[in-house]
Each structure stands twice: as C-alpha cells, then as structure tokens.
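Asks:
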C-alpha cells in the first residue's frame, strides 16, 4: 500500500538508518510524505487563501480608503463632510484595511516569526542560510 497523505497526525517513525540522508532515502523509497517536501504546507490552505483574499481587497480599496482618510484629516473640510467620510470609511470591508494583513512564510504559510525582508519564517530562513542559499547572510560568530 502507498501512503496517500498524513492529515492532522503527529507521527514519529524510528528507523535503523545510520544517518539522516539514509533515513530520507528510505522514506522516499516508501513514498512517505515529509515536512521537507516542496509541496508541504504547515498552515491550513484556507488560512493562506484568506490572506490572498485580504491582499486583493486592500489593493482594490486602497485609493478610496486613502481619499477618505485624507478628507477626514483635512482642516478645510467641514464637520459634516468629515462625519460622512468616517461613515463611508466604516462601510468599506474590514479586510480592505492593510493592518488586517499578516505576513506569512512563502514556504510553510507560518504566520509568526516571519522576516519581512526575506518573506520566510525563522525556521526556513535558518535552513536556507545554513545551506548557503541566502547571499550575504551567515550565522553570527563572535
């Protein structure tokens, strides 16, 4: 039988392999999915899709939102105009606000511990750095 996918299970498998490379080769021979597979995502797909949807909404309403905020902050606008602008701003979708977006790791979808500069979570950034995939970044030593 072939393992289709591990869903919602935390399974530890012990082998008699002498090294990590030998264990990985054994897992690949039996078609076991692993966390190092490129298609593996730790975050639920619906959470990743939700962030994509938010990004689209932010882009769609950015100009309208900026215009309303400018009107609210304007000293020349009357009190009634400002009140109307605030009401219109509140009627926009909540997810169209850029502050509701969270950064996610491009590889795993992890939402916490993500470096903006690289778009990767701390774990995946460390792995990439140790492999030498990130130019100019190396482990600190003093």
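Residue numbers (my numbering): 17 to 158. Every residue gets a Cβ at the ideal spot worked out from N, C-alpha and C, and that includes glycine. Predicted model, so just to flag it, every value in this text is computed and none were measured.
If we count the other Cβ atoms within 10 Å of its Cβ and call it buried at 16 or more, is residue 155 buried or exposed?
Replies: exposed
Asks: Indicate the three-state DSSP secondary structure (helix, strand or coil) for residue 130 in the structure shown.
Replies: strand
Asks: Residue 37 lies in the alpha helix (DSSP H); which residues open and close that run?
Replies: 36-45
Asks: With C-beta atoms as the reference, is residue 71 less than 9 Å away from residue 106?
Replies: no
Asks: Pick helix, strand or coil for residue 136, following the three-state DSSP scheme.
Replies: For residue 136, the three-state secondary structure derived from DSSP is strand.
Asks: Would the stretch 85-103 count as touching the stretch 36-44 if we require 3 or more Cβ pairs under 8 Å?
Replies: no
Asks: Need the endpoints of the alpha helix (DSSP H) that residue 150 sits in, please.
Replies: That residue, residue 150, is in no alpha helix (DSSP H); it is neither H nor E in DSSP.
Asks: Compute the beta-carbon to beta-carbon distance between residue 140 and residue 123, rounded to the nearest angstrom, for a pair I have assumed lies under 8 Å.
Replies: 5 Å
Asks: Could you round the C-beta distance between residue 104 and residue 84 to whole angstroms and report it? I think they count as a contact, below 8 Å.
Replies: Right, their Cβ atoms sit about 6 Å apart.
Asks: Short check: CB of residue 78 to CB of residue 115, under 9 Å?
Replies: no
Asks: Say the cut is 8 Å; is the CB of residue 84 nearer than that to a heavy atom of the ligand GDP?
Replies: The ligand GDP is absent from the structure shown, which contains no ligands of any kind.
Asks: Using only alpha-carbon positions, find the residue among 37, 82, 74, 31 that is nearest to residue 101.
Replies: 82
Asks: Looking at residue 59: is its Cβ nearer than 9 Å to the Cβ of residue 132?
Replies: Their beta carbons are not under 9 Å apart, which means residue 59 does not touch residue 132 by this criterion.
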